[in-house]
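Comments concern the structure below.
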Amino acid sequence: MAQDHREQRNGAERLPLRVNGDDVEVEAAPMSVLADVLRDELGLTGTKLGCRAGDCGSCTVLVDGVAITSCLMPVAQAAGRDVTTIEGLETDGELHPVQQAFSDHNASQCGYCIPGFIVAAAETVANGEVLDREQVVQSLSGNLCRCTGYESIVDAIVDACGHGTDREVAS
Amino acid sequence: MTTTTCGPSSTAATGSAPAVTGSAPAVTGSAPVAPPGTRERTQRRVRDGLGTSADRPDGTPKVTGAFAFSSDLHDQRMLWGRTLRSPHAHARIVSIDTSAAAAMPGVVAVLLAEDVPGKATFGLEHTDQPVLARDVVRYEGEAVAIVAAEHPETALRAIRAIEVTYEPLPLLTDPAEAATTDPIHPDGNVFRTLPLRHGDVDATGDVVVEGTYEVGMQDQAFLGPESALALPSDDGGVELFISTQWLHVDRDQVAACLALPADQVHLTLGGVGGAFGAREDVSLQVHVCLLALATGRPVKMLYSRAESFLGHVHRHPARMRYRHHARRDGTLVKVEAEILLDGGAYASSSTAVLANAVCFAAGPYRVEAARIDGQVVRTNNPPCGAMRGFGVVQVCFAHEAQMDRLAAALDMDPVELRLHNALKPGDAIITGQRLTGTAPVREVIEAAMAHPLPPDPREDEPAIALPGGAGLTARREDVRRGTGIAVSIKNLMYSEGFDDYSTARVRLETSPDGEPFATVHSACAEVGQGFVTLAQQITRTALGIERVVLHAADTGVGSAGSTSASRQTWMSGGAVQLACDTVHHGLLERARGVLGVPDEPLVLEPGRVVDPATGAEVAIAQLLRAGPLEATEEHHHAPTSTLDADGQGDAHVSFAFAAHRATVDVDPDLGLVRVLQIATGQDVGRALNPRAVIGQIEGGIAQGVGLAVMEEILVEDGLVRNPSFTDYLIPTALDMPSVAATLIEQPEPGAPFGAKGVGEPPTISSTPAVVAAIRDATGKALTRVPVRAQDIAFGEAGAIPPTAGSTSAG
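Order-wise, the sequence lines are chains S and L.
The opening residue of the first sequence carries number 77 in my numbering; numbering runs sequentially from there.
The opening residue of the second sequence carries number 716 in my numbering; numbering runs sequentially from there.
Right, here's the structure in full:
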């Protein structure tokens, strides 16, 4: 008969994490990747897995304010550090400026890649970088999108960086 | 940066409301898109109705991370499913030993072919693919066994513990040998042979150009890998939450394989992380339901990226031989083509893909005669099926290269040659079908060409902007610029006599706060394209209310058909419109009673019904005090016919056209390409949500650029060599050209709101336009996509010389 799946895990340990400002303790093998722990143990499914190889950027989260691909980081490496996921960007129910810009520019189609883009751009904005369009494009080269052709995403981030967008779409 | 122009074109916008679809009940006072230029009318339009760039209803959850994709679904009691796949492209299964896997702690079920209770095979058009392989595997990645375990890692260890003994069989990997090789499947090696003969097939032209072209295997490469959650239901059936393009056809296949009646299999759409054709076929649907029923517990399955590459169909690789005949003035006389598509191991939608390739083999041009021979065959390569553009992408690459060769042979401008032969309304395509709708081929070409070219390179441009980008290998002085154009025709909806339909249910009622709201229930799969937005816009405009709620897409309502073939705006948009019309009719009936005017023509305005004769009015909310109004309607498009033995017939519903002009920078020695700009004109009928249309155009162009210069599944002896985003490259933001788009708006007769589907055309002619631009920059022949660095650096030069005066048409 089946056993509780926790018994299946070799070497699971209790690890302290600070996620979106909350101190939590998770039970996980130290080498399990942060993305799995966030999604499966903490229910923070806004962080997406698209490749598990660091290619697509869908799993991007901030660790101590630095954007990383959480599919590659062992959870033990995040222990004791400040992890921010897409769910942690809103404050008091208000969208983060990058989230608001993505919403305003209708930058989501299927939306699977969007949390990764937003978290990556949030790092840029938090650093106070005011990037022009070319710099924004370069800053996004670690994230893949298959739906949009990136144009609306770039528009949103340029906007969130404090630039207006020169794009005209009739409506 | 995208610049967009959008508005009625010269021949469009007569000011009359677009024709309502033929099967619509006659309803007075319905307000579809307000006619342009009638300001008073516009002012009365409901907010975020048709024609506006309304926001997506799922826009906020998609930016907060709250939107639940099927991969995010979870159940406390759930098991994790996993699939054991064949490592061989063709082998006999000698034995399977599951004992070690089954004995592993945490493993709950291990299932093989003999555990499939119902039909052993599935398939979209021909059920020729085993749910689980029994005696033989025919492609790398074919499913052999499935397991369910308490933890995903346990499931992974379990499939590795299953011992399968294979005896490799001879490989059939060359599609050219398929028809003459021993069958690798009881149904034979030829899925379909389709000849087309049009006009005087012995006619010859003054100038003849020939070419042989190849298209590699492209992957849809959606970002959200296949995933599902299946739950056993109390009645012995199963509940499946799934990312798919077509809930009902999945349900029917699952029910058949599980030996369950269809009403015991209930599917609900989980959030879909992109589709592009790859979710039209069954992948894990039957497997995950089998495991849920076998274990009596919820089961989740989630493919890895590598498994996703093996677990869904791809774009058909193509080999095409073409010969174009023209008169000295450039008039096309005849197009000859032999088209061979590699369907891979199982049929999927291969037969329909071939029909598209054959019907549109000559492109959007008037041509007096055609002799086309198409065939799609079975091999031990990965199965191929639907991908955005569906058979037209392949032939468009070839016919557009041919048009450029012909222009060179005639010493004629390539744009001029295309304009000279451009289809126009009333012309026939090579199937003999006349274009009874709009056909703004000239307009899309002129619109694409009218956009300014990108600026000349700047001296201070960062090195990353050069071809090769981050490699920083190209030198500015070596870079050459080129420009090319390509034009396409694509059928909308399904063809060849298929009775395609969509169903929608609309319910209008008041909320507890007294405000009227409508609920739309459609099984249309939202895969990112924006049908959810459109359904709200249609309902707002049709019923004069702002609040529209979308019921989850599920099999609790009739089929909406597939989200494919650029068909959902037309088909499901039309179904929502019909259901709204019926509800609207009911509202007016009630209003006549309340106002005491049984015979007056009343008008629905935002929030109220008005008697224009007296000015008397009644609020919609008041009319709903008598109870909700609900209607369920089916929308069928105009019937089509099959193709006869000569490939002739009115097989298609409607056609959409697009032109793309590409500008590229190339380092000819290193073979590096940077696509700078795509300028496009696209025939959209009416832009019901301009921003969403632009999103489709930009996204489609990205995929077309990908096929042109980087995307190919490399298959060697039937084995996929690059099943990862490390090795299968799709365009990044840095690879994306700027897009300058003009929407040509000529309302299509018979289309709901006059709108044509817009999803596929951007992907089709963008690819040949990019390659034409690279040829322009390099002088290389480039007869194959994707164009590889070595094709540019070492490839054959130039256009093949025309065989002027040739009389052999062979």
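All residues carry an ideal CB built from backbone N, CA and C; glycine is no exception.
CA-CA distance, residue i and residue j?
i                      : j                      : result
residue 1510 (chain L) : residue 1051 (chain L) : 25 Å
residue 866 (chain L)  : residue 1455 (chain L) : 49 Å
residue 1369 (chain L) : residue 1207 (chain L) : 5 Å
residue 1341 (chain L) : residue 1306 (chain L) : 11 Å
residue 1417 (chain L) : residue 158 (chain S)  : 36 Å
residue 1468 (chain L) : residue 1291 (chain L) : 12 Å
residue 204 (chain S)  : residue 89 (chain S)   : 38 Å
residue 817 (chain L)  : residue 877 (chain L)  : 9 Å
residue 1269 (chain L) : residue 995 (chain L)  : 16 Å
residue 1083 (chain L) : residue 914 (chain L)  : 6 Å
residue 1118 (chain L) : residue 1029 (chain L) : 27 Å
residue 1141 (chain L) : residue 1462 (chain L) : 16 Å
residue 238 (chain S)  : residue 176 (chain S)  : 13 Å
residue 147 (chain S)  : residue 1104 (chain L) : 33 Å
residue 108 (chain S)  : residue 829 (chain L)  : 36 Å
residue 221 (chain S)  : residue 1447 (chain L) : 7 Å
residue 892 (chain L)  : residue 806 (chain L)  : 19 Å
Cβ atoms of residue j and residue i: under 9 Å apart, would you say?
i                      : j                      : result
residue 1210 (chain L) : residue 1372 (chain L) : no
residue 942 (chain L)  : residue 999 (chain L)  : yes
residue 857 (chain L)  : residue 800 (chain L)  : yes
residue 780 (chain L)  : residue 121 (chain S)  : yes
residue 925 (chain L)  : residue 1038 (chain L) : yes
residue 1343 (chain L) : residue 1424 (chain L) : no
residue 277 (chain S)  : residue 171 (chain S)  : Chain S is shown from 77 up to 247; residue 277 (chain S) falls before or after that span and cannot be answered.
residue 1012 (chain L) : residue 819 (chain L)  : no
residue 1526 (chain L) : residue 1313 (chain L) : What is shown of chain L runs 716 to 1525, which leaves residue 1526 (chain L) out entirely.
residue 1081 (chain L) : residue 1363 (chain L) : no
residue 1057 (chain L) : residue 1164 (chain L) : no
residue 1181 (chain L) : residue 1389 (chain L) : yes
residue 136 (chain S)  : residue 193 (chain S)  : yes
residue 1258 (chain L) : residue 1302 (chain L) : yes
residue 234 (chain S)  : residue 201 (chain S)  : no
residue 1086 (chain L) : residue 922 (chain L)  : no
Which residues bound the alpha helix (DSSP H) around residue i?
i                      : result
residue 1002 (chain L) : 1000–1010
residue 1043 (chain L) : Unbroken run through residue 1043 (chain L): none, as it is neither H nor E.
residue 1458 (chain L) : Taken as a continuous stretch (DSSP letters only), residue 1458 (chain L) belongs to no alpha helix (DSSP H), being part of the beta strand (DSSP E) at 1453–1460.
residue 1285 (chain L) : 1283–1310
residue 1115 (chain L) : 1107–1125
residue 875 (chain L)  : 867–876
residue 1021 (chain L) : 1020–1026
residue 1485 (chain L) : 1481–1493
residue 1158 (chain L) : 1156–1165
residue 1422 (chain L) : 1405–1424
residue 1335 (chain L) : 1335–1338
residue 1133 (chain L) : 1129–1136
residue 891 (chain L)  : 890–893
From what residue to what residue does the beta strand (DSSP E) around residue i run?
i                      : result
residue 1015 (chain L) : 1014–1017
residue 1379 (chain L) : 1369–1382
residue 1395 (chain L) : 1387–1398
residue 1205 (chain L) : 1195–1207
residue 193 (chain S)  : Careful: residue 193 (chain S) lies outside any beta strand (DSSP E), inside the alpha helix (DSSP H) at 190–202.
Just confirm the distance between the C-beta atoms of residue i and residue j, as a whole number of angstroms; I'd bet it's less than 8 Å.
i                      : j                      : result
residue 1046 (chain L) : residue 1135 (chain L) : 7 Å
residue 1393 (chain L) : residue 1484 (chain L) : 7 Å
residue 1477 (chain L) : residue 1378 (chain L) : Not confirmed; about 16 Å, so no contact.
Could you please tell me which residues of the stretch 197–224 of chain S, in chain order, have their CB closer than 9 Å to any CB of chain L? Hits within the stretch, in order: 209, 210, 212, 213, 214, 215, 216, 217, 218, 219, 220, 221, 222, 223, 224.
Could you list the residues in the stretch 917–939 of chain L with a C-beta less than 7 Å from some C-beta on chain S, going in chain order? Answer set for the stretch 917–939 of chain L: 936, 937, 938, 939.
To be precise: take each residue of the stretch 953–985 of chain L, compare its Cβ to all Cβ atoms of chain S, and keep it if any distance is under 7 Å. Which residues remain? Those residues of the stretch 953–985 of chain L that come within reach of chain S (Cβ to Cβ, closer than 7 Å) do not exist; the list is empty.
To be precise: take each residue of the stretch 123–141 of chain S, compare its Cβ to all Cβ atoms of chain L, and keep it if any distance is under 9 Å. Which residues remain? Here the close residues are 123, 124, 125, 126, 127, 128, 129, 130, 131, 132, 134.
Contacting positions in the stretch 1444–1467 of chain L - beta carbon closer than 7 Å to chain C: This model lacks chain C altogether; the protein chains it does include are S and L.
Could you please tell me which residues of the stretch 1231–1255 of chain L, in chain order, have their CB closer than 8 Å to any CB of chain S? Cβ contacts with chain S: 1242, 1243, 1244, 1245.
Chain S contacts made by the stretch 1011–1043 of chain L, where a contact means CB separation under 7 Å: The stretch 1011–1043 of chain L vs chain S, Cβ under 7 Å: 1019, 1020.
For the stretch 1188–1209 of chain L, which residues have a CB atom closer than 8 Å to at least one CB atom of chain S, in sequence order? Answer in chain order: no residues at all.
What are the residues of the stretch 1405–1430 of chain L that lie near chain S, defined by any Cβ-Cβ distance shorter than 7 Å? Per Cβ criterion, the list reads 1405, 1406, 1409, 1410, 1413, 1414, 1416, 1417.
So if I threshold CB-CB distances at 9 Å, which residues from the stretch 774–790 of chain L count as touching chain S? Answer in chain order: 774, 775, 776, 777, 778, 779, 780, 781, 782, 783, 784, 786, 787, 788, 789.
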